[in-house]
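> Numbering (this note's numbering), first residue to last: 161 to 378. Just dropping this structure here.
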């Protein structure tokens, strides 16, 4: 259909999508800057004073916060076809930065934070599951790329980056639920701890499904 071949429409879609990511990436940067220089009595950590005295929690938290922006931005640069096709070395370097950070730093630190997450076992299970799937999906993307299976690599990256974006979507869902329903804080936390990444993963699976159908027809 013509709608898929219209370059102006395609360009506008990219502009909207990356404009959205850059805007919320900027908001994430503002959150990160709250913890620079090192401070354990600011923002989110003010409600974590019962665990912030543990050295391993502090290591996990600040590792997660300080690397999160690099993961978000390096992952964002993996998807534009222009970068993949014309600047393959840059694409690979961004991919390695993304994968190494998630597998060895941001993912494991997220798991530690998930164990001590707010909202009891419901939220803790959600955040721990998120962290483990995040590492697993990213690892599968690396293995697929190393074996030359580009289609599988792309699919696993969709799943991995869907979980990366939970840093944004969780806050969006929380804001929306509070605005509309005004629930109790822990009730909304139980919901968004699962919806924040589960909804993203569902969208990723839909994109993968339709992309596979399109490739099959071609």
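Glycine included, every Cβ here is placed at the ideal spot set by N, Cα and C. Model, not experiment: these values are computed from the prediction.
Can you tell me which of the three DSSP states residue 227 falls into?
As a working mapping, residue 227 is identified with position 67 in the chain shown. If DSSP states are grouped into helix, strand and coil, residue 227 belongs with the helices.
> Once DSSP output is grouped into helix, strand and coil, what is the label at residue 374?
As a first step, residue 374 is located in the chain shown; it is residue number 214 there, counting from the start. The answer is helix: DSSP assigns residue 374 an H, G or I state.
> Thinking C-alpha only, which one of 192, 300, 255 and 206 is nearest residue 225?
Locating residue 225 in the chain shown gives position 65, where the first residue counts as 1. Considering only alpha carbons, the answer is 192.
> Using C-beta distances below 8 Å, list every residue in its chain close to residue 244, excluding the 5 sequence neighbours before and after it, in chain order.
By one-based count along the chain shown, residue 244 stands at place 84. Excluding residues within five positions, the ones whose Cβ falls inside 8 Å are 238 and 251.
> Rounded to the nearest angstrom, how far is the Cβ of residue 353 from that of residue 283, given a contact under 8 Å?
On the chain shown, residue 353 is found 193 positions in, with the first residue counted as 1. On the chain shown, residue 283 is found 123 positions in, with the first residue counted as 1. Right, their Cβ atoms sit about 4 Å apart.
> Suppose contacts are defined by Cβ-Cβ distances below 8 Å. Is residue 228 in contact with residue 327 by that definition?
In the chain shown, residue 228 corresponds to position 68, counting from 1. In the chain shown, residue 327 corresponds to position 167, counting from 1. Yes. Within cutoff.
> I need the straight-line Cα distance from residue 357 to residue 274, nearest angstrom please.
By 1-based counting over the chain shown, the position of residue 357 is 197. By 1-based counting over the chain shown, the position of residue 274 is 114. Computed Cα separation, rounded: 14 Å.
> What first and last residue would you give for the alpha helix (DSSP H) that runs through residue 267?
What you label residue 267 is simply residue 107 of the chain shown in a count that begins at 1. That run of the alpha helix (DSSP H) goes 267-275.
> Just mark residue 267 as buried or exposed, buried being the case when its beta carbon has 16 or more other beta carbons within 10 Å.
Counted from its first residue, the chain shown places residue 267 at position 107. Answer is buried; the Cβ neighbour count reaches 16.
> Along the alpha helix (DSSP H) that carries residue 298, what are the first and last residues, could you check?
Taking the chain shown and counting its residues from 1, one reaches residue 298 at position 138. Per DSSP, residue 298 belongs to the alpha helix (DSSP H) from 280-306.
> With the cut-off set at 8 Å, would you say residue 279 and residue 349 are in Cβ contact?
If you number the chain shown from 1, residue 279 lands on position 119. If you number the chain shown from 1, residue 349 lands on position 189. A contact, by the Cβ cut-off of 8 Å.
> Roughly how many angstroms separate the alpha carbons of residue 298 and residue 360, rounded to a whole number?
Taking the chain shown and counting its residues from 1, one reaches residue 298 at position 138. Taking the chain shown and counting its residues from 1, one reaches residue 360 at position 200. Computed Cα separation, rounded: 15 Å.
> So, does the CB of residue 342 fall closer than 8 Å to a CB anywhere in chain B?
Given the protein chain composition of this structure (a single chain), no chain B is represented.
> On the DSSP letters alone, give me the boundaries of the alpha helix (DSSP H) that residue 260 sits inside.
For this step, residue 260 is matched to residue 100 along the chain shown. Segment 248-261, the alpha helix (DSSP H) holding residue 260.
> Should residue 302 be labelled buried (16 or more other beta-carbon atoms within 10 Å of its own) or exposed?
Position 142 of the chain shown, counting from 1, holds the residue named residue 302. With 16 or more other Cβ atoms within 10 Å, it is buried.
> Please go through the same chain and pick out, in chain order, the residues whose beta-carbon is closer than 7 Å to the beta-carbon of residue 304, but skip the five residues on each side of it.
Here residue 304 refers to the residue found at position 144 of the chain shown. Excluding positions up to five away in sequence, the list reads 312, 313 and 316.
> Is residue 295 closer than 8 Å to residue 220 when the C-beta atoms are compared?
Translated into positions along the chain shown, residue 220 becomes position 60. Translated into positions along the chain shown, residue 295 becomes position 135. In this structure, residue 295 does not lie closer than 8 Å to residue 220 by Cβ.
> Taking Cβ positions, are residue 234 and residue 257 nearer each other than 8 Å?
As a first step, residue 234 must be located in the chain shown, where it is residue number 74. As a first step, residue 257 must be located in the chain shown, where it is residue number 97. The answer is yes: Cβ separation under 8 Å.
> Note the first and the last residue of the continuous alpha helix (DSSP H) segment covering residue 334.
As a working mapping, residue 334 is identified with position 174 in the chain shown. Element bounds for residue 334: 326-340.
> Decide if residue 175 is buried, meaning its Cβ has at least 16 other Cβ atoms within 10 Å, or exposed.
Along the chain shown, read from residue 1 onward, the residue named residue 175 stands at position 15. Exposed, by the Cβ-count rule.
> State buried or exposed for residue 373, treating a residue as buried only when at least 16 other CB atoms are found within 10 Å of its CB.
Against the chain shown, residue 373 aligns to sequence position 213. Result: exposed.
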